[in-house]
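Numbering (our numbering), first residue to last: 68 to 351.
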Amino acid sequence: MDYINAIIFGIVQGITEFLPISSSGHLVILHKFINLPLQNEMAFDVALHLATLFAVIFFFYSDIKRLFLSWIENLPLTPSLLKRGNNVDILKKKDYEYSKISWLIILATIPAGLAGWFFEDIVENSLRSPLVVAVMLIVVGALFIVFEKISRKTDNLKNLNWKKSLIIGLAQAIALIPGTSRSGITIIAGLGAGLKRQAAIRFSFLLSIPVILGASATKIPQIIESDLAINELVILAIAFIASFVSGILAIKYFLRFAEKHSLNVFAFYRFALAAVIIVFLIIK
């Protein structure tokens with residue numbers, strides 16, 4: 068039964084990390100109903116997040132490789148690249164467009180990094196509750212409906228500039244609050260910046276890499292020092308595999324869905340889930 072529960076946790080994390088419905092919110096709820104025999108829950112959470120990190124790296128490997136190599140190749144020209152923005156001659160030469168996007172990802176990561184460094188403990192101790200999750204599910208769901216309606220959705224990533232990227236990064240910092248959804252709030256910010264749905268989603272997913280990596284890296288030393296039992300390691304491995312596979316599938320089909328459909332369906336799902344949580348809190 069413990070192994071089945073580990074698979075459930077892994078699948079939920081893999082799907083909800085990339086769909087804009089809040090992975091942290093779903094995990095908070097799952098932990099209320101399912102107890103795993105773990106002495107170190109931090110190790111379990113890190114394993115789940117590392118699995119989704121590997122999923123996005125696996126799916127976008129060619130893009131990530133090109134972004135990194137272009138960034139390295141064009142480092143000396145970064146100031147002129149950022150100043151001249153969308154100049155076609157520059158962007159076509161030596162993959163400058165990819166180099167610019169690399170810098171914009173780095174820039175957008177800074178707010179979340181600072182927020183995590185200064186406020187993670189406060190969030191973990193004060194805001195990790197079903198009521199907070201329900202409120203944020205409703206708030207972000209409403210924002211989805213608003214921005215789906217008002218966004219012009221005409222721009223590709225090459226049209227993104229440092230100001231818009233920074234706004235997306237600031238939005239990502241809000242995702243520390245359970246129930247927000249990191250992918251959801253950054254996609255909303257991307258739509259607000261005028262990006263097409265798929266462009267906003269791709270930037271959101273690429274933006275998840277340094278954030279998940281940074282958040283996990285700070286906790287890995289503590290996990291290494293802990294003494295995990297064989298049974299715990301098996302549970303971690305099962306959850307990791309389930310999260311990795313479901314994460315890849317979630318990315319693939321979410322991108323395909325966004326080609327032709329509004330994201331409002333996820334807003335309605337968030338409203339429904341919030342209603343279930345509120346009813347549960349009332350009858351409890």
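The beta-carbon is built from N, C-alpha and C at its ideal position, and this holds for glycine as well.
Exercise. Short check: CB of L227 to CB of L274, under 9 Å?
Worked result: No, the Cβ-Cβ distance between L227 and L274 is not below 9 Å.
Exercise. On the premise that I88 lies in contact with G251, defined as a C-beta separation below 8 Å, what is that separation, rounded to the nearest angstrom?
Worked result: Correct: roughly 7 Å between the Cβ atoms.
For this session: Could I get the ranges of all uninterrupted beta strand (DSSP E) runs contained in the stretch 255-300, with 3 residues as the minimum, in chain order?
Result: Scanning the stretch 255-300 for uninterrupted beta strand (DSSP E) segments of 3 residues or longer gives nothing; none is fully contained.
For this session: Quick one: residues in its chain with C-beta nearer than 6 Å to the C-beta of S137, no 5 flanking neighbours on either side, listed in chain order?
Result: Once the five neighbours on either side are set aside, the close Cβ partners of S137 are D162, Y165 and S166.
Problem set entry | Backbone CA spacing between I74 and L340 [nearest angstrom] | Their backbone Cα atoms lie some 21 Å apart in a straight line.
Problem set entry | Endpoints, alpha helix (DSSP H) assigned at A342 | Note, A342: alpha helix (DSSP H), N331 to I350.
For this session: Tell me whether the beta-carbon of G183 lies closer than 9 Å to the beta-carbon of A118.
Result: The answer is no: Cβ separation not under 9 Å.
Exercise. Between which two residues does the alpha helix (DSSP H) carrying D130 extend?
Worked result: That run of the alpha helix (DSSP H) goes Y128 to E140.
Exercise. Can you give the Cα-Cα distance for F41 and G208, rounded to whole angstroms?
Worked result: Here the chain comprises residues numbered 68 to 351, so residue 41 is not present and cannot be evaluated.
For this session: Could you spell out where the alpha helix (DSSP H) holding H98 opens and where it closes?
Result: Annotation for H98: the continuous alpha helix (DSSP H) segment containing it runs S90 to F100.
For this session: Report the residue from A296, A240 and Y320 whose alpha carbon sits nearest the alpha carbon of T176.
Result: Among A296, A240 and Y320, the Cα nearest to that of T176 is on A240.
Problem set entry | Residues near V199 by beta carbon distance below 7 Å, same chain, minus five either side | Cβ neighbours of V199 beyond the five flanking positions: I244, P245 and G246.
Exercise. Can you name the start and end residues of the alpha helix (DSSP H) that I74 belongs to?
Worked result: Note, I74: alpha helix (DSSP H), D69 to F85.
Exercise. Should the stretch 189-197 be called in touch with the stretch 287-303, which here means at least 3 C-beta pairs below 8 Å?
Worked result: Fewer than three Cβ pairs drawn from the stretch 189-197 and the stretch 287-303 lie within less than 8 Å of each other, which leaves the two stretches out of contact.
Problem set entry | Beta-carbon gap between I315 and F272 smaller than 9 Å | Taking 9 Å as the Cβ cut-off, I315 and F272 do not qualify as a contacting pair.
For this session: Return the chain-ordered list of same chain residues with a C-beta closer than 6 Å to the C-beta of K307, the five sequence neighbours on each side being excluded.
Result: Looking at the sequence provided, one finds Phe at residue 307 rather than Lys. Only A114 and A118 meet the Cβ criterion.
Exercise. From T285, F186 and L174, pick the residue whose C-alpha is nearest to that of L233; which is it?
Worked result: Of the candidates T285, F186 and L174, the one whose C-alpha sits nearest the C-alpha of L233 is L174.
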